[in-house]
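Take a look at the structure below.
Protein chains: 2
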Amino acid sequence: MTIILDAMGGDNAPRSVVAGAVSAVRELPDVDVVLVGRESDIAACLTDCGAENEPRIRIRHAPDVITMEDDPATACRVKKDASMTVALTMLKNGEGDAVVSAGSTGALLTGATLIVKRIRGIRRAAMGPVLPNGGKGVLLMDSGANVECTPEYLLQFAFMGSFYAEHMLGIERPRVALLNVGAEDTKGGELQKAAFALLREASDAGRICFIGNAEGSDLFTGKMDVLVADGFAGNVMLKTVEGAAKFMFSLLKGVFYASTKNKLAALVIKNDLAGMKAMLDPSEIGGTPMLGITKPVVKAHGSSDDRAIYGAIRQAVACVHADVAGAIERNIEYMKLNGKGE
Amino acid sequence: MTIILDAMGGDNAPRSVVAGAVSAVRELPDVDVVLVGRESDIAACLTDCGAENEPRIRIRHAPDVITMEDDPATACRVKKDASMTVALTMLKNGEGDAVVSAGSTGALLTGATLIVKRIRGIRRAAMGPVLPNGGKGVLLMDSGANVECTPEYLLQFAFMGSFYAEHMLGIERPRVALLNVGAEDTKGGELQKAAFALLREASDAGRICFIGNAEGSDLFTGKMDVLVADGFAGNVMLKTVEGAAKFMFSLLKGVFYASTKNKLAALVIKNDLAGMKAMLDPSEIGGTPMLGITKPVVKAHGSSDDRAIYGAIRQAVACVHADVAGAIERNIEYMKLNGKGE
C-alpha cells in the first residue's frame, strides 16, 4: 500500500511530515510513502532523520505550496504545481491509495472534490473526526466542511458516519444522534426539525439506528457513536472540546506547581496522567477523514507534530483496509428514502 | 432589596431553593427573599432548615407548577397560578427587584418576555452565562434563547453583552468577538458574514470594541470578554464545555483511584483541585441572566443544589445593584446604526 503525503502542509512542514513518514515505514509493515513537495527541502529532512536511503520512501517534486493565505475555493485550481494539488492528482491517477495532508482544510476539501471527486450520489463530502468519550469514540459528522447544510446533507452524513463507525471503529449498528439544543423531538430550528424527520424515517426503515436528539453535554456519555451536525455547530463543538481540554490541563498544571508537596504528588501520578492526556490528544486519535470522496483523504491537524502525522498515516492505512469509500459507494441506493435524501 | 424565588423550579425543588434562600438571607445583608410556590411544601423545607421564623423570608402561595412537559411557549399563559408565573407577575408589579428560577428555560424566557416585557427597542432577549477562562470570564451571548437569529439580533447581543461585562464584571471597553469557524474575516455562513459587517461598523463608530471572529478553542484564551453567537451554536458551546469539564474530572478520578500510591498523591492535592473544580463549576459562577428584559431575571441551572441557588441569588443582587437593565434601556439610541440594528 502506498500513502501519498502532502509534505508541505501544516505549521511544522516539511520537517514533521517527513519525520512522521519515517516512523510510518519503520513501524507499519507493507506501507510505502510518497512525500510530495520541494525535493531539496524534503531530502534535507530525510537526512536529518537518518532516512535518506529508506527504500520505502520516495519523493515526488512539487515546487509550489498552498498556504493559509490562498483562497481555499480556488487554490488547487490555480496552483497546479502545489504539493497538495500534485498529491491529490496522484491519488486520482492511482499512484497511491490515500492522501494525508496537514494543509489548509478548505483547500484540501475543495481539491479532493475537484480532483478525486465526490462519490456519485453524495451531495457533500464531510469531515468526520472521532472525538474521545472513554470508549470507542464518537464520529462527529460534519465538523466544518459544510457551514450551511440542508436536511438531506445531514441524512447522508448519518449514513456515511454509520458506515465509517461500522468499518473503522468496529461498531455494529452504530447509534446515530442529531446535535441539538435539547433532547425533546421538537427542539431546534428548521434544519434540525426537518433532519430529525428524515433520520427518524431512515431509522424506521431499519437503515440506520437513530436514537434522537443529543445536546453538547451528551458527547461524552457514550450514548451515541455518530453525532450528526451542520458543519458550523460541529466545528464549534470540535474546537470547544480542543480548547476545553487544553484549558483544563493548564489549570491542572497550575495545581501541580502550586507547592512543593503538590509537585511531589504530581510526580507520582505523572504516568497515569499522561495516559489520560493521550486519550484526549488529537494527535493520538489520528486525522480527520473526508467522507464522501471516492478515495481516502485524511486531514491531519495543522499543528501536527511527527506523532500526529504518523497517527494520520495509520488512520489512512486503516481507511484503505476497511474500504470505507467503497462501502459508501456500494450503498448509495440503500441511502435513498423514496427519492428523498438523494 | 427583595429577590423573588420560583421555589418550585428545578430538579431539587423546593428543597434546594429554600435552602439557597436561607443561605442568602444569612450571608447577604439587606436581602429579603420571597419564596413562591406551594405554601405547605415550602414551610416544611424552611422548618428542615431551622428557618421557620426567619423574618427576611416570606412565602407567597402558588398552587401550580410549570414542568418540563409543559409547552414553554404557552406555559405561563396557561398556568396563571404556577410559581413561575406568579413570581414574574410579582416582579412586574414591583413586589420585588429580581426573579430567580431553576425551572424550564423556555418557559422562563417566554414568561419574562410576556409578563415582565422586553426593553422597548430590543428585538430578542438573550441568555448570557459567564464561562470560565481563568480571568474575569467570557459572557456568551446568546446561549440558547434564540435558536434562529438575524444579524441585527447579534449586534444587539454584542451591545447588551458589553453593558453587562462593563457593569457586572467590571471590564472597561469589553472586547467582543463573533463565534465562527475560523479567524479570517470572511468565514462563516450568511448570518456570520452579515453580523461581522454590522459589528465592524459599530466598532468603527467607537460604540463597541469588536476584535473579529473567534473559534471554539479561543473561548479559554482570555482574548475576549463577550462572545456573540446565535443561540444554537452558543448552546452547543455551553453544553460542550459543561460535558467536557465533567468528562475530564471523571477521567481524573479514574487516575486518582488507579492505585494506592495515586490515592495518596490525590489526597495531597485535593484542596487545590477542589479550587479548580469550583472555578469550572456553574453553581459557583452563578446563574444565567436574561438580558433585554426590563427587570433582572436570572435562570439557575435545572440541577441546582442549594449552593447554586445561592450563587444565582447573589448574581441577581449584583444585577440589581449594577442596574444592567437600566444601562441597556438608556442606551437604546446608542445601539442604533443609521437605522440598522434597530
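Order-wise, the sequence lines are chains H and B.
Heads up, the first sequence is in our numbering, so the first residue is 6 and it goes up one at a time.
Heads up, the second sequence is in our numbering, so the first residue is 6 and it goes up one at a time.
Think of the CB as a built atom: it goes at the ideal place given N, C-alpha and C, for glycine as much as any other residue.
{"Check": "Quick one: using the 10 Å Cβ neighbour count with 16 as the cut-off for buried, is H/Thr351 buried or exposed?", "Outcome": "Nothing in the structure corresponds to residue 351 of chain H, since chain H is present only between 6 and 347."}
{"Check": "Could you check what DSSP says for B/Pro19 in three-state terms: helix, strand or coil?", "Outcome": "coil"}
{"Check": "Between B/Asp328, B/Ile8 and B/Lys97, which lies nearest to B/His172 when the distance is taken from Cα to Cα?", "Outcome": "B/Asp328"}
{"Check": "Beta-carbon of H/Asn336 versus every beta-carbon of chain B: anything under 9 angstroms?", "Outcome": "no"}
{"Check": "Using a 10 Å radius around the Cβ and a threshold of 16 neighbouring Cβ atoms, would you call H/His326 buried or exposed?", "Outcome": "exposed"}
{"Check": "Of the residues B/Val83, B/Ala67 and B/Val23, which one's Cα is nearest the Cα of B/Met95?", "Outcome": "B/Ala67"}
{"Check": "Does B/Val30 have its Cβ less than 9 angstroms from a Cβ in chain H?", "Outcome": "no"}
{"Check": "Determine whether the Cβ of H/Asp223 lies closer than 9 angstroms to any Cβ atom of chain B.", "Outcome": "yes"}
{"Check": "Once the 5 residues before and after B/Asp230 are set aside, which same chain residues still bring their CB inside 6 angstroms of it?", "Outcome": "Ala170, Ile176, Pro179 and Arg180"}
{"Check": "For a test of the three-state rule: what should DSSP assign to H/Asn218, helix, strand or coil?", "Outcome": "strand"}
{"Check": "Would you decide whether B/Gly346 is buried or exposed? Buried here means 16 or more other CB atoms lie within 10 Å of its CB.", "Outcome": "Confidence at B/Gly346 is low in this model, with a pLDDT of 47, below 50, so its placement is unreliable and the value that follows should be read with caution. So B/Gly346 counts as buried."}
{"Check": "When you compare the CB of H/Lys251 with every CB in chain B, is at least one pair closer than 9 angstroms?", "Outcome": "yes"}
{"Check": "Using only CA atoms, which one of B/Leu204, B/Asn58, B/Cys54 and B/Ile62 lies nearest to B/Val41?", "Outcome": "B/Ile62"}
{"Check": "Compare the C-beta of H/Glu195 with all C-beta atoms of chain B and state if any pair is closer than 9 angstroms.", "Outcome": "yes"}
{"Check": "Is it the case that the Cβ atoms of H/Ile274 and B/Phe261 are separated by a distance below 9 angstroms?", "Outcome": "yes"}
{"Check": "Beta-carbon within less than 8 angstroms of H/Val246's beta-carbon, same chain only, minus the 5 sequence neighbours each way: which residues are those?", "Outcome": "Leu136 and Leu224"}
{"Check": "Just how far apart, CA to CA, sit B/Gly15 and B/Gly331?", "Outcome": "28 angstroms"}
{"Check": "Output, in chain order, the set of chain H residues within a Cβ distance shorter than 8 angstroms of B/Glu157.", "Outcome": "Result: empty, since nearest Cβ-Cβ is about 17 angstroms, beyond 8 angstroms."}
{"Check": "Quick one, which residues of the stretch 256 to 276 of chain H are near chain B if we go by CB-CB under 9 angstroms, in chain order?", "Outcome": "Leu256, Leu257, Gly259, Val260, Phe261, Ala263, Ser264, Lys266, Asn267, Leu269, Ala270, Ala271, Leu272, Val273 and Ile274"}
{"Check": "Taking 8 angstroms as the threshold, find out whether the stretch 16 to 33 of chain H comes into contact with the stretch 302 to 317 of chain H through three or more Cβ pairs.", "Outcome": "yes"}
{"Check": "Give the list of continuous beta strand (DSSP E) stretches no shorter than 3 residues that lie fully inside the stretch 51 to 139 of chain B.", "Outcome": "62 to 66 and 103 to 106"}
{"Check": "Does the pairing of the stretch 205 to 223 of chain B with the stretch 107 to 125 of chain B give three or more beta-carbon distances under 8 angstroms?", "Outcome": "no"}
{"Check": "Pull up the CB-CB distance for H/Ile333 and H/Leu296, whole angstroms please, since I reckon it's below 8 angstroms.", "Outcome": "7 angstroms"}
{"Check": "Given this structure, state the Cα-to-Cα distance separating B/Leu174 from B/Asn240, to the nearest angstrom.", "Outcome": "22 angstroms"}
{"Check": "Going along the chain, which unbroken runs of the alpha helix (DSSP H) with 4 or more residues stay wholly within the stretch 227 to 270 of chain B?", "Outcome": "236 to 261"}
{"Check": "Mind pulling the chain H residues with CB within less than 7 angstroms of B/Leu184?", "Outcome": "Val241"}
{"Check": "Of the residues that make up the stretch 281 to 305 of chain H, which ones have a beta carbon closer than 9 angstroms to any beta carbon in chain B?", "Outcome": "Met281, Met284 and Leu285"}
{"Check": "Residues of chain H with a CB under 7 angstroms from the CB of B/Leu278: which are they?", "Outcome": "Val260"}
{"Check": "Is B/Phe201 close to chain H? Criterion is C-beta to C-beta, closer than 9 angstroms.", "Outcome": "no"}
{"Check": "Exposed or buried, which one is B/Pro60 when buried takes at least 16 other CB atoms within 10 Å?", "Outcome": "exposed"}
{"Check": "Looking only at C-alpha atoms, which of H/Ala323, H/Gly316 and H/Val152 sits nearest to H/Ser28?", "Outcome": "H/Gly316"}
{"Check": "Taking only three categories from DSSP, how would you classify H/Ile2?", "Outcome": "In the structure as shown, chain H begins at 6 and stops at 347. Residue 2 of chain H is therefore absent and cannot be evaluated."}
{"Check": "Any heavy atom of the ligand SAM closer than 8 angstroms to the Cβ of B/Asp311?", "Outcome": "What this structure holds is no ligand at all, so the ligand SAM is not there to describe."}
{"Check": "At the 9 angstroms Cβ level, is B/Val246 part of the contact set with chain H, yes or no?", "Outcome": "yes"}
{"Check": "Which partner residues of H/Ile213 appear in the DSSP bridge assignment?", "Outcome": "BP columns for H/Ile213 are empty, so no partner."}
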